[in-house]
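Read left to right, the sequence shown gives residues 54 to 534 (the numbering used here).
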Amino acid sequence: MMAWMKDIGLKMLLRLAVGVVVFFVANFWYVNSGLYLKERAKFSPVAAKLDSAFLYGDVVYLGESSNTSFNPWTDTLGYSVSEFLQMYLPQNRVRGVSHDGYHVGLFSQMLGLMPNHWVNSGRKTVVITVNMRSFGPSAMFNGNEASNQQEAIFYSHRSALLNRVFVSLHHYDNRDAREMERAKTQWFRTKDLRLKVVSKQLGNHRESNNTEGNHYGLTNKGDKLNSNGEGWYSHNTVKWWLRDLQRQFAPVSGDADLSRVMPMAEAYLKEFAFLLDDENPRVKALDDIVKKCKQEKVNVVFVLLMPNFDHANRLFGQELTQLMSYNMDFLRKQFEGWEKQYARGDFKLGYVDVQRLYSDWRLGENSGNSMGNREDCHPECRMGSTPQFMNFNWASGHHYTDQWYPTEHVDAHIRRFIAQKTAERILEFQYRDRIQTGVTKPMVPVIKPRVNNLPNWNIKVPLADTCLGSWNGFASKHLRQ
C-alpha cells in the first residue's frame, strides 16, 4: 500500500514540476516575443504610463477626469492640475496619470507598480486625488467598473502569463451593467439616510458630529398636516426621496425651466445622498494606500476635491448639503488622524482640503489681504456680487464646467489653486528633509502660464443658474429648505 502511494506521489510531483517548467518557459516566450506588451497595452493602456511615471517622476499625480477637464468656452488656460503643479515645482519632475472614472480603489491597485525600494524614496511623493462622490453607490456600482477592474489586473509585478490567465478567467469583479444597476438600486432602497447630527463651529468652518438631533427629509411645511390634509414625508432612503420628488414635480412638469433642472436634481440625489462608514470599500482602499506608501517610505499627499455644494444647496438646501458635509468631515478625520500619526519619521503624509483652503482664500479676498490668484477669477470671487453668493463655505457653481451634472470638473482658476496648495504641501516635506538650508517656510514660485486656449466669446454657455431661479420657487413650496 505504501509503495503504491509513494509511486503515485512521485508521479504527481514529476507532473507538477513539468507543469511549473512549462509555465515559466511559456511566460519567458510570452514576454520576450512582445506579445505581452501588446496585450497589456490592449487591456490596460494606463499601465505603461504608470511604469514611466514611477520610473522618471519625483512627484506622481494620480487623478481622474477632474485633473484634465477644462471649460473650452471660458478658460484661457487649459492646463491640467498636474501641469500647473509642474510649474509650481520646477525642481521636481511631475508626472500625471489620470483617466475618466478612476477612484481611490484603482489608485490603491496602481501603487502595485511602484518599484520596490525606490532609489532615494524620501524624495518621491505620490499625490492621490480623493473624490467624495466616488465613495457613493452611483460610482461604486458604475457600469464601467468591470472594465476598470480588468485593467487593474496589470497593476502588479505578477508574472505576465498569470495576469493573462486572470483576464481570460475573469478573475476580477466582472459584474455587468445590469448586475451593477441591481446592486445600486438595492442600495437606494435599503441604506438608511437618517443622521443624528449637531453642527459645531471650528474656526471659520462648520463640522458635523454624531451627537444629537435628527436628520429627516421633510417635504411639506407645517406641524403635522398641511392645508390639504397631507402628512409629513421622511426621506429615509434615496428611493423614497426620488419617488417623493417625482410626486411633487408632477403637477408642474409643464414648466420648461423646471423640466430642465429635474434630471439634474435627481442626479444630485443619486450621487450625494449616502453616508460614509468604515466598511465602505473605498475607505478601506485609503488604508491600503497609506500602508503601501509607508512600506516603501514614499511620501503621500491626499487632495480632497470640492464637490459642487452651491448647486446642491440651491436644489435641496441643508437636507442634502448636511449629508455631503458629514461625508467630507468623515474623510477629513481620516486624513487628520494619519497626519498626527505620521508627523515624525521617514514617512510623511499630508492632505489638501480644497474646500476649506478655498474658503479661507475667499475670506482673505474679501478682507483684501489674500495672496490668491486674482486674474482668472469670476467677479463673484471678489465678493462684489449679490448676497445669495456670499457663502464662504464653498465655491460658486459657475466655477464648475459641468453645469447640469454633479462633477468636480472646475475651471482654470480652481485647478491652479489646487496645484498651488498641493505644491506647498510637497515643499513642506522636502524642506523638512533639508533643515540646513535655513528655509523655514517654503514658498511656491510666482508663475505666469501662457494662454493656451482662445475661447469663442460669442458662444454663451448655458449656466444652471439660469433655471435654478424657477427651481427655488418650486422648492420653497414643496421641498424642505
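Note that CB positions come from ideal geometry on N, CA and C, so glycine has one too. As the structure is a computational prediction, the values presented were derived from the model and not from experiment.
- Item | Residues of its chain near His431, where Cβ-Cβ distance is below 8 Å and the 5 sequence neighbours each way are ignored | For the purposes of this step, residue 431 is identified with residue 378 of the sequence shown, where counting begins at 1. Its pLDDT being 46, under 50, His431 is placed unreliably in this model, and the coordinates cannot settle the point.
- Query: According to DSSP, is Asn352 helix, strand or coil?
  - Reply: Counted from its first residue, the sequence shown places residue 352 at position 299. In this structure, DSSP gives Asn352 an extended state, which the three-state scheme calls strand.
- Item | 3 or more residues per run - each beta strand (DSSP E) lying fully within the segment 89-141 | The beta strand (DSSP E) runs lying completely inside the segment 89-141 and spanning 3 residues or more are 112-116, given in chain order.
- Message: Quick check on the burial criterion: 16 or more other C-beta atoms within 10 angstroms. Buried or exposed for Arg235?
- Response: Taking the sequence shown and counting its residues from 1, the one referred to as residue 235 is at position 182. The residue in question, Arg235, is exposed, as its Cβ has fewer than 16 Cβ neighbours within 10 Å.
- Message: Please state the DSSP three-state secondary structure of Thr374.
- Response: To locate residue 374, count along the sequence shown from 1; it is residue 321. It is helical.
- Message: Taking the beta carbon of Gly284 as the centre, do at least 16 other beta carbons fall within 10 Å, making it buried, or is it exposed?
- Response: Residue mapping note: residue 284 aligns to position 231 of the sequence shown, counting from 1. In this prediction, Gly284 scores a pLDDT of 41, lower than 50, which makes its location untrustworthy; the coordinate-derived value is nonetheless stated afterwards. Gly284 sits exposed, since fewer than 16 C-beta atoms from the chains shown fall within 10 Å of its C-beta.
- Item | Backbone CA spacing between Asn446 and Asn366 [nearest angstrom] | Here residue 446 corresponds to residue number 393 of the sequence shown, with the count starting at 1. Here residue 366 corresponds to residue number 313 of the sequence shown, with the count starting at 1. If you take the alpha carbons of Asn446 and Asn366, they lie about 11 Å apart.
- Query: Got a sec, what are the start and stop residues for the beta strand (DSSP E) Val405 sits in?
  - Reply: As a first step, residue 405 is located in the sequence shown; it is residue number 352 there, counting from the start. That run of the beta strand (DSSP E) goes 402-406.
- Is DSSP giving Val183 helix, strand or coil here? For the purposes of this step, residue 183 is identified with residue 130 of the sequence shown, where counting begins at 1. Correct three-state label for Val183: strand.
- Give the secondary structure of Leu278 by DSSP, where H, G and I count as helix, E and B as strand, and everything else as coil. Taking the first residue of the sequence shown as position 1, residue 278 is located at position 225. Summary for Leu278: the model assigns pLDDT 38, below 50, so the residue's position carries little reliability; its value from the coordinates is reported in the next sentence. If DSSP states are grouped into helix, strand and coil, Leu278 belongs with the strands.
- Out of Phe219, Glu349, Phe383, which has the shortest C-alpha to C-alpha gap to Phe207? Within the sequence shown, the letter at position 154 stands for residue 207. The alpha carbon of Phe207 has as its nearest neighbour, out of Phe219, Glu349, Phe383, the alpha carbon of Phe219.
- Report the residue from Asn216, Arg468, Tyr484 whose alpha carbon sits nearest the alpha carbon of Glu117. Taking the first residue of the sequence shown as 1, we reach residue 117 at position 64. The option with the nearest alpha carbon to Glu117 is Arg468.
- Item | Cα-Cα separation between Phe470 and Tyr411, rounded to whole angstroms | Counting from 1 along the sequence shown, the entry for residue 470 is found at position 417. Counting from 1 along the sequence shown, the entry for residue 411 is found at position 358. Note on geometry: alpha-carbon atoms of Phe470 and Tyr411 lie some 8 Å from one another.
- Rounded to a whole number of angstroms, what is the C-alpha to C-alpha distance between Asp111 and Lys177? The residue you call residue 111 lines up with position 58 of the sequence shown. The residue you call residue 177 lines up with position 124 of the sequence shown. Take the alpha-carbon of Asp111 and the one of Lys177: they are about 5 Å apart.
- Task: Reducing DSSP to helix, strand and coil, say where Arg146 ends up.
- Result: Taking the first residue of the sequence shown as 1, we reach residue 146 at position 93. In this structure, Arg146 counts as coil in the three-state DSSP scheme.
- Query: Given Leu255, which residues of its chain have a CB within under 8 Å of its CB, disregarding the five upstream and five downstream residues?
  - Reply: By 1-based counting over the sequence shown, the position of residue 255 is 202. Its pLDDT being 48, under 50, Leu255 is placed unreliably in this model, and the coordinates cannot settle the point.
- Message: Does the contact criterion of 3 or more C-beta pairs under 8 Å hold for the segment 512-532 versus the segment 354-374?
- Response: Yes: at least three Cβ pairs fall under 8 Å.
- Nearest-angstrom Cα separation, counted from Arg300 out to Gln408: Taking the sequence shown and counting its residues from 1, the one referred to as residue 408 is at position 355. Taking the sequence shown and counting its residues from 1, the one referred to as residue 300 is at position 247. C-alpha separation (whole angstroms): 34 Å.
- Item | The alpha helix (DSSP H) enclosing Gln162, as first and last residue numbers | The residue you call residue 162 lines up with position 109 of the sequence shown. That run of the alpha helix (DSSP H) goes 157-163.
- Taking Val113 as the reference, give the member of Glu389, His462, Val356 with the closest Cα. If you number the sequence shown from 1, residue 113 lands on position 60. The shortest C-alpha separation from Val113 is found at Val356.
- Item | Through-space distance from Ala94 to Ala100, alpha-carbon basis | Within the sequence shown, the letter at position 47 stands for residue 100. Within the sequence shown, the letter at position 41 stands for residue 94. The straight-line gap from Cα to Cα measures roughly 7 Å.
- Message: Assuming the contact rule is C-beta atoms closer than 8 Å, Asp153 and Asn506 should be a hit. Round their C-beta distance to whole Å, please.
- Response: Reading the sequence shown from its first residue, position 100 is the one you call residue 153. Reading the sequence shown from its first residue, position 453 is the one you call residue 506. Rounded, the Cβ-Cβ distance is 20 Å, inconsistent with contact.
- Query: Three or more C-beta pairs closer than 8 Å, one from the segment 182-200 and one from the segment 150-164: is that the case here?
  - Reply: Taking 8 Å as the limit for Cβ pairs, the verdict is that the segment 150-164 does touch the segment 182-200.
- Item | Assigned exposure category for Lys386 - 16 Cβ within 10 Å defines buried | Translated into the one-based positions of the sequence shown, residue 386 becomes position 333. Exposed: under 16 other Cβ atoms inside 10 Å.
- Item | Own chain partners of Leu373 with C-beta closer than 8 Å, once the 5 adjacent residues on each side are dropped | On the sequence shown, residue 373 is found 320 positions in, with the first residue counted as 1. Around Leu373, the same chain offers Tyr321, Leu322, Phe325, Ala326, Ala365, Asn366 as residues with beta carbons nearer than 8 Å, after the five sequence neighbours per side are excluded.
- Item | Residue interval of the alpha helix (DSSP H) (run including Arg313) | Taking the first residue of the sequence shown as 1, we reach residue 313 at position 260. Start and end: 309-325.
- Task: Decide if Cys520 is buried, meaning its Cβ has at least 16 other Cβ atoms within 10 Å, or exposed.
- Result: Position 467 of the sequence shown, counted from the first residue, corresponds to residue 520. Per the 10 Å Cβ criterion, buried.
- Item | Selected residue, minimal CA-CA separation from Arg503, among Leu222, Phe137, Val71 | As a working mapping, residue 503 is identified with position 450 in the sequence shown. Of the listed residues, the one whose Cα sits closest to Arg503 is Phe137.
- Message: So, with DSSP's three-state summary, where would you put Val291?
- Response: Counting from one through the sequence shown, the residue named residue 291 turns up at place 238. Reduced to three states, the DSSP call for Val291 is helix.
- Item | Assigned exposure category for Gln162 - 16 Cβ within 10 Å defines buried | If you number the sequence shown from 1, residue 162 lands on position 109. With 16 or more Cβ atoms within 10 Å of its Cβ, Gln162 is classed as buried.
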